[in-house]
Amino acid sequence: MAHPKRRQSKTRTAKRRTHDKAVAPTLAICPNCGEWHVYHTVCGACGYYRGKLAIVKEAAV
1400 MAHPKRRQSK TRTAKRRTHD KAVAPTLAIC PNCGEWHVYH TVCGACGYYR GKLAIVKEAA
1460 V
């Protein structure tokens, strides 16, 4: 006599993708100062982020 097929949980059938988590971050050149920084982040050298200065450096007194 054949056994009925066991049901699998949804988490087993739709597994999370983990293969793209270990990819090295992409680097980009800042158009404001020319330094290398991680793509889609604020430039650490000048504070530039997508057309505006995200970090405003105040003048030293």
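Using our numbering, you'd call the opening residue of the sequence shown number 1400 and step up by one each time.
The C-beta atom is built at its ideal place from N, Cα and C for all residues, glycine as well.
Values in this document were obtained by computation on a predicted structure and should not be read as measured data.
Under the three-state reduction of DSSP, His1439 is assigned to coil, being neither helix nor strand. Annotation for Ala1427: Tyr1438 place their beta carbon closer than 6 Å to its own, counting only its chain and skipping 5 residues before and after. The alpha-carbon separation between Thr1440 and Gly1450 amounts to approximately 12 Å. Distance from the CA of Tyr1448 to the CA of Trp1435, rounded to the nearest whole angstrom, comes to 13 Å. For Lys1451, the three-state secondary structure derived from DSSP is strand.
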